[in-house]
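The structure under discussion appears below in the form of structure tokens.
Shown next, in the form of structure tokens:
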């Protein structure tokens, strides 16, 4: 059956990400799907007077980008409603900004903030008394940029009833004064134990923030995300926003599994969530595990002890529990999405996946490890052998004096030269999806891709310092990491990820050809058009 196209793209430099038809001039859209990809002449034959024609003017056309490790709903609300501290470099700046926010928001019951850098601000200088001095007696809770550390004031500790006698929460801890009372700084899941006492965002708060950031993401060429921690209420909000016609991102999701909660009840919850959320716009398909924390807070798990202390942080799940939980969720055909920073966590995750395969047999699981800051040499080939995907955040692989100093002290010179080994994963055959972990760092895919190619800071040139440059990747790998490989990682390559007949018309037009420009110009790329299911969700005035 032949169709007359609703919309066509002509005169495009189209890179389809489809190995069977890699490049084209034009494509045709009917409804929300692509119905033809080919030459200008072929595609124009599918039009009539009602067909909308978009002239790409020779510009690069790609599938819409997909960010497959992101905290979209939570970060949207945090960034929209909290004080932002990402740019603060000194204690005076940090305190002044919190004081300003508290003064200008007298209606807020709690003072909440996001973004301090734990490599600059730590338990030695973020005391509850310092926060007391700028929050006017109201409770306050401030998150680090990576959400692995926090800072609370005296009133917050009082409300949460954290005292000398309070035990440490599972997978978390409170920095303590010499008398055992809370000092002010908080680690890992102790943050969330504290956060439960602060007012939750209303649905309206979430909707307002998400509507804003959906538009911002579309402007940067993003048409799909994978929310890396999405409990039931988060999924309900995504579905509601979609029903309201305000969700302009395809959302896949994973829900967090806890070591201290019974396996059976967590399994039933995920089975229920997967059944309830399973359409092309909102779906849940995987189980999220945190096996360790981060280097900056000393909570990453290493195979060999730290050089500075001779110790390492324990796994958040021990190996027998990893094996049990991984095998159970793998048996029910859930994808495993695993936070792994240290090589000890990477090794334990690969061991758990190997055990699950031995127990359950092989299937197209595409289990994935996220972050992968350090990998031991023996574990690189196991990714391909086990069919494990790498979910990597290249923006972190650039020179950063504060974080680099901590990593070097912890790991020593030899191991420090091995961190964020994205290029080695690719060379050894690992399928890698590129992502942001927003709000830990920017979601801008062009800044992230530039760093993947250069391993240098924004604004650098070829002579600027580079961070372990032996692990650079090329532009084709980077684009595939945001398109077809990202779609595969999110289990939606049958409908997205390439510009292929029968797939959704999720596509972008860019003002630069990423394949031919200097890597140092990638971060300046602008999106001129974004389509989601054939519908225009962003257009620049230049088109």
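In UniProt numbering, the protein residues as written are 1 to 543.
Backbone N, C-alpha and C fix where the C-beta goes; we use that ideal spot for every residue, glycine too.
Practice task
Please say whether residue 510 and residue 46 have beta carbons closer to each other than 8 Å?
Solution key: Your numbering for residue 46 matches position 46 in the chain shown. Your numbering for residue 510 matches position 510 in the chain shown. No, these two residues do not count as a Cβ contact at 8 Å.
Handout entry: Start-to-end residues for the alpha helix (DSSP H) that takes in residue 81
Key = For the purposes of this step, residue 81 is taken as residue 81 along the chain shown, with counting starting at 1. 72-81 is the extent of the alpha helix (DSSP H) around residue 81.
Exercise for the section: Return helix, strand or coil for residue 393, following the three-state DSSP convention. Expected result: The residue labelled residue 393 in the question sits at position 393 within the chain shown. Note: residue 393 maps to coil in three-state DSSP.
Exercise for the section: Could you tell me which of 264, 411, 469 and 253 sits nearest to residue 68, measuring between CA atoms? Expected result: In the chain shown, counting from the first residue as 1, residue 68 sits at position 68. Taking only the C-alpha atoms, the option nearest residue 68 is 253.
Practice task
Under 7 Å Cβ to Cβ from residue 448, same chain only, skipping five residues before and after it: list those, please.
Solution key: The residue you call residue 448 lines up with position 448 of the chain shown. The residues are 394, 395, 434 and 436.
Practice task
Put residue 535 into one of helix, strand or coil per three-state DSSP.
Solution key: Residue 535 sits at position 535 when you count from the first residue of the chain shown. Reduced to three states, the DSSP call for residue 535 is strand.
Problem - Distance, residue 24 Cα to residue 39 Cα - result: Here residue 39 refers to the residue found at position 39 when the chain shown is read from its first residue. Here residue 24 refers to the residue found at position 24 when the chain shown is read from its first residue. Spanning the two alpha carbons is a distance of roughly 6 Å.
Problem - When 531, 537 and 354 are compared against residue 27, the one with the closest alpha-carbon - result: Along the chain shown, read from residue 1 onward, the residue named residue 27 stands at position 27. Answer by Cα proximity: 531.
Problem - residue 353 versus residue 367: straight-line alpha-carbon distance, rounded - result: Here residue 353 is taken as the residue at index 353 of the chain shown, counted from 1. Here residue 367 is taken as the residue at index 367 of the chain shown, counted from 1. The straight-line gap from Cα to Cα measures roughly 8 Å.
Problem - Distance CB(residue 48)-CB(residue 11) smaller than 8 Å - result: On the chain shown, residue 48 is found 48 positions in, with the first residue counted as 1. On the chain shown, residue 11 is found 11 positions in, with the first residue counted as 1. No. Outside cutoff.
Practice task
Have a look at residue 143 and residue 136 and give me their C-alpha separation to the nearest angstrom.
Solution key: Numbered from 1 along the chain shown, position 143 holds the residue referred to as residue 143. Numbered from 1 along the chain shown, position 136 holds the residue referred to as residue 136. About 19 Å.
Exercise for the section: Go ahead and label residue 323 buried or exposed: buried means 16 or more other beta carbons lie within 10 angstroms of its beta carbon, across all protein chains shown. Expected result: Sequence index remark: in the chain shown, residue 323 carries index 323 (1-based). It counts as buried.
Practice task
Compare the beta carbon distance of residue 198 and residue 141 with 8 Å and say whether it is the shorter of the two.
Solution key: The sequence position of residue 198 within the chain shown is 198, counting from 1. The sequence position of residue 141 within the chain shown is 141, counting from 1. Yes, they are a contact pair.
Problem - Cβ-based burial, residue 357 [other Cβ within 10 Å; buried from 16] - result: Here the question's residue 357 lines up with position 357 in the chain shown. With 16 or more Cβ atoms within 10 Å of its Cβ, residue 357 is classed as buried.
Exercise for the section: Below 7 Å CB to CB, which residues in the same chain sit around residue 164 once its five sequence neighbours on both sides are set aside? Expected result: Indexing the chain shown from 1 puts residue 164 at position 164. Result list for residue 164: 179, 180 and 181, in chain order.
Problem - Boundaries (first-last residue) of the alpha helix (DSSP H) holding residue 482 - result: Here residue 482 corresponds to residue number 482 of the chain shown, with the count starting at 1. 475-482 is the extent of the alpha helix (DSSP H) around residue 482.
Handout entry: Between the CA atoms of residue 30 and residue 3 - distance to the nearest angstrom
Key = Within the chain shown, numbered from 1, the residue matching residue 3 stands at position 3. Within the chain shown, numbered from 1, the residue matching residue 30 stands at position 30. Rounded to the nearest angstrom, the two C-alpha atoms are 7 Å apart.
Practice task
Quick one: grab the DSSP three-state call for residue 277.
Solution key: As a working note, residue 277 is residue 277 in the chain shown. Correct three-state label for residue 277: coil.
Practice task
Please list, in chain order, all residues of the same chain as residue 212 whose beta carbon is under 8 Å from its beta carbon, the five residues on each side excluded.
Solution key: Sequence index remark: in the chain shown, residue 212 carries index 212 (1-based). Excluding positions up to five away in sequence, the list reads 76 and 80.
Exercise for the section: Could you tell me the distance, in whole angstroms, from the CA atom of residue 107 to the CA atom of residue 201? Expected result: Position 107 of the chain shown, counting from 1, holds the residue named residue 107. Position 201 of the chain shown, counting from 1, holds the residue named residue 201. C-alpha separation (whole angstroms): 14 Å.
Practice task
Check each candidate in 13, 139, 363 and 32 and name the one with the smallest Cα separation from residue 386.
Solution key: Stepping through the chain shown from its first residue, residue 386 is reached at position 386. Per the Cα distances, 363.
Problem - residue 415 burial status per 10 Å Cβ neighbour count (16 or more: buried) - result: Indexing the chain shown from 1 puts residue 415 at position 415. Buried, because 16 or more other Cβ atoms sit within 10 Å of the Cβ of residue 415.
Practice task
Name the residue from 150, 167 and 171 whose alpha carbon lies nearest to the alpha carbon of residue 317.
Solution key: If you number the chain shown from 1, residue 317 lands on position 317. That would be 171, whose Cα lies nearest to the Cα of residue 317.
Exercise for the section: Could you tell me whether the region 278-288 touches the region 337-353, where touching means 3 or more Cβ pairs closer than 8 Å? Expected result: yes
Exercise for the section: Could you say which of 42, 116 and 102 lies nearest to residue 110 if we only look at CA atoms? Expected result: Within the chain shown, numbered from 1, the residue matching residue 110 stands at position 110. Closest option to residue 110, Cα to Cα, is 102.
Handout entry: Min CB distance residue 307 to chain E below 8 Å
Key = Within the model displayed, chain E is absent; a lone protein chain is all it includes.
Practice task
Using beta-carbon positions only, say whether residue 505 and residue 120 come within less than 8 Å of one another.
Solution key: Indexing the chain shown from 1 puts residue 505 at position 505. Indexing the chain shown from 1 puts residue 120 at position 120. Not in contact: residue 505 and residue 120 (Cβ atoms no closer than 8 Å).
Handout entry: Alpha-carbon spacing of residue 13 relative to residue 58, whole angstroms
Key = Position 13 of the chain shown, counting from 1, holds the residue named residue 13. Position 58 of the chain shown, counting from 1, holds the residue named residue 58. Distance between the alpha carbons of residue 13 and residue 58: 5 Å.
Handout entry: Environment of residue 272 [buried if 16+ CB atoms lie within 10 Å]
Key = Taking the first residue of the chain shown as position 1, residue 272 is located at position 272. Classification for residue 272: exposed.
Problem - Euclidean distance between Cα positions of residue 6 and residue 232 - result: Indexing the chain shown from 1 puts residue 6 at position 6. Indexing the chain shown from 1 puts residue 232 at position 232. Distance between the alpha carbons of residue 6 and residue 232 is about 37 Å.
Problem - Pick from 370, 446, 430 and 360 that is closest to residue 229, judged by C-alpha positions - result: The sequence position of residue 229 within the chain shown is 229, counting from 1. The option with the nearest alpha carbon to residue 229 is 370.
Handout entry: Range of the contiguous alpha helix (DSSP H) that encloses residue 138
Key = Translated into the one-based positions of the chain shown, residue 138 becomes position 138. Segment: none, residue 138 is in no alpha helix (DSSP H) and carries neither H nor E.
Practice task
Please determine, among 407, 276 and 218, the residue with the shortest C-alpha to C-alpha distance to residue 237.
Solution key: Stepping through the chain shown from its first residue, residue 237 is reached at position 237. Closest by alpha carbon: 276.
Practice task
For residue 160, I'd like the list of residues in its chain whose CB is within less than 6 Å of its CB, leaving aside the five on either flank, ordered along the chain.
Solution key: Walking along the chain shown from the start, residue 160 turns up at place 160. Only 194 and 197 meet the Cβ criterion.
Practice task
Round the Cβ separation of residue 515 and residue 65 to the nearest angstrom and send it over; I've been treating them as touching at under 8 Å.
Solution key: Working through the chain shown from its first residue, we reach residue 515 at position 515. Working through the chain shown from its first residue, we reach residue 65 at position 65. No, residue 515 and residue 65 are not in contact; Cβ-Cβ is about 15 Å, not under 8 Å.
Problem - Close-in-space but distant-in-sequence residues of the same chain around residue 523 (CB under 7 Å, 5 per side omitted) - result: Translated into the one-based positions of the chain shown, residue 523 becomes position 523. Cβ neighbours of residue 523 beyond the five flanking positions: 446, 447, 450 and 458.
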